[in-house]
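Numbering (the working numbering), first residue to last: 89 to 640.
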């Protein structure tokens, strides 16, 4: 996959090293082609650790594989055609309020609407975008740390300018801008004359002059990114003294993850993403910070440091890229192979990443939930009469096998139209029969048809349901996402109550239950699932079907 980042900042400019550079680095480390575009670069293409740096007139075109335009500046989404990108990702990194209110305009709306995928840095932004753009695919992609780069911070030599400052040092690095709470720092420095408060980074707001009356506050200026682990290693604790307001509540401080990767205790203003972090102390009261500094100076355990670093390892840039690729790769495959429900798309999906992205575990989760929901009377009847069962949309056969264990004595057939899935299912479960076929066009009749988390992939699943009923002797059991607002790009249909008629042809809906999977242990679905059972008229006494038959 190719990632192009349009020009907004310089790779090695006067600003701090930011999210775009980190993301491009992480893409490159995972083997993707990463292109970082800069204004004013006219000397061809340069390379930084696998990332290609080029000017606006040197952007490579017609690259092999799908190309993603990764946009943070809203108007740049319009470069898609010029740079021959297949997909647009809009990476929403700063809420368009306060300092960034200038971006609250039609360009922002147009970029979100045009994007194939929207990524956001914070839960607040996720809630805002999903609320304003229902159905849009939005991925929560907080900032992170280059864990391996910061992990050895404590073993590096402390730079001379920091080493000359009295300990203990409570340190900060990053942009010293409008969101830094200098009043808070002034009060804290007055409470703790025994501590040195060190700020590293470009001072955009003359904060140094406002804090000039604090003899224990030090400004060391901007430092190269490569030197930051050494500076972090000289901190006794790290601080994030942000003003608490809308813009900062929507932020995700990279430095928080980097401090933790270095093993350093973190004190932060109670912005939402810091409050969500289990290893950051948060308060808006300088006295609370002072008390926490006392606790830190009393000595933390090696276990505390290990816990901080373990958390940071889980929140690395590499982990973030893996998370976004779960959404990007299916989208790219869909573009390349003629649509989300083409045979080519699903063959590629099952062959390349179904198992890597734990599709098998999700299949088993859904079938276990279904078996826990389907009334015992129905399951007993199926097993007692040794009915033949079709698992429609059987993927790799994991659900088929689990059903066979639950209903011993029955015969089972799995049907899937992806050749790669059928081939793998036969390898995994040779005791069952697996056929390549279309679930909306199979010709054999079955006593029971079971279809789980397949119908939502079609733009109109009702003709498929009608076909399956026409080939079912006794029971059609359906499991689908219910009232789903996840924005999952592979899902084309949203099921609601109106989709399940009480009577369809010669069948009655004898049972339906909506299950909140978010409260289930080890859940593999972040919303509701509906289990619905249709039974043939000859098995049904309609007078026994009451509102108690449905739990919606």
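Cβ atoms here follow ideal geometry from the backbone N, Cα and C, with glycine treated the same way.
Residue(s) in a DSSP beta bridge with residue i
i: residue 621; result: 565 and 599
i: residue 271; result: BP columns for residue 271 are empty, so no partner.
i: residue 556; result: Note: residue 556 sits in no beta bridge, so no partner.
i: residue 443; result: Answer is none; residue 443 lacks a bridge partner.
i: residue 328; result: 356
i: residue 347; result: According to DSSP, which records beta bridges pairwise, residue 347 is partnered with nothing at all.
i: residue 616; result: 570 and 604
i: residue 306; result: 286
Whether residue i touches residue j by CB criterion (8 angstroms)
i: residue 148; j: residue 175; result: no
i: residue 435; j: residue 508; result: yes
i: residue 595; j: residue 583; result: no
i: residue 238; j: residue 206; result: no
i: residue 305; j: residue 285; result: yes
i: residue 249; j: residue 308; result: yes
i: residue 71; j: residue 287; result: What is shown of the chain runs 89 to 640, which leaves residue 71 out entirely.
i: residue 165; j: residue 122; result: no
i: residue 261; j: residue 213; result: no
i: residue 498; j: residue 470; result: yes
i: residue 258; j: residue 158; result: no
i: residue 620; j: residue 566; result: yes
i: residue 580; j: residue 572; result: no
i: residue 279; j: residue 378; result: yes
i: residue 490; j: residue 452; result: yes
i: residue 500; j: residue 510; result: no
i: residue 525; j: residue 503; result: yes
i: residue 273; j: residue 325; result: no
i: residue 506; j: residue 431; result: yes
Neighbour-count burial assignment, residue i, 16 or more Cβ in a 10 Å radius
i: residue 606; result: exposed
i: residue 269; result: buried
i: residue 133; result: exposed
i: residue 130; result: exposed
i: residue 479; result: buried
i: residue 374; result: buried
i: residue 152; result: exposed
i: residue 547; result: exposed
i: residue 400; result: buried
i: residue 418; result: buried
i: residue 160; result: buried
i: residue 127; result: exposed
i: residue 519; result: exposed
i: residue 162; result: buried
i: residue 351; result: buried
i: residue 458; result: buried
i: residue 168; result: buried
i: residue 630; result: exposed
i: residue 364; result: exposed
i: residue 496; result: exposed
i: residue 271; result: exposed
i: residue 204; result: buried
Nearest to residue i (by Cα), restricted to the options the options
i: residue 623; options: 497, 599 and 118; result: 599
i: residue 467; options: 325, 609 and 562; result: 562
i: residue 210; options: 609, 574 and 336; result: 336
i: residue 99; options: 89, 121, 143 and 119; result: 143
i: residue 244; options: 194, 314 and 227; result: 314
i: residue 416; options: 229, 640, 548 and 555; result: 229
i: residue 540; options: 556, 345 and 531; result: 556
i: residue 371; options: 442, 418 and 276; result: 276
i: residue 396; options: 107, 344 and 447; result: 344
i: residue 246; options: 456, 227 and 319; result: 319
i: residue 481; options: 542, 521 and 255; result: 542
i: residue 283; options: 291, 302 and 413; result: 302
i: residue 441; options: 551, 455, 610 and 421; result: 421
i: residue 560; options: 544, 545, 529 and 568; result: 529
i: residue 110; options: 136, 90 and 639; result: 136
i: residue 460; options: 224, 602 and 636; result: 602
i: residue 574; options: 225, 289, 168 and 204; result: 225
i: residue 633; options: 639, 597 and 604; result: 597
i: residue 120; options: 475, 410, 564 and 446; result: 410
i: residue 627; options: 636, 445 and 473; result: 473
i: residue 393; options: 241, 281 and 356; result: 241
i: residue 37; options: 592, 576 and 640; result: A question about residue 37 goes unanswered here, because the residues of the chain that appear run from 89 up to 640.
i: residue 414; options: 290, 445, 376 and 391; result: 445
>> Quick check: the region 479–488 against the region 585–592, are at least 3 beta-carbon pairs closer than 8 angstroms?
In response: no
(Q) Between the region 113–131 and the region 400–416, can you find at least three pairs of beta-carbon atoms closer than 8 angstroms? (A) yes
Three or more C-beta pairs under 8 angstroms: does that hold for the region 359–370 against the region 232–245?
no
Would the region 526–538 count as touching the region 598–617 if we require 3 or more Cβ pairs under 8 angstroms? no
* Asked: Is it a yes or a no for the region 217–225 touching the region 317–336, going by three-plus beta-carbon pairs under 8 angstroms?
  -> Segments in contact, no.
TODO: May I ask you to verify whether the region 288–299 touches the region 334–348, counting CB pairs closer than 8 angstroms and requiring at least 3?
DONE: no
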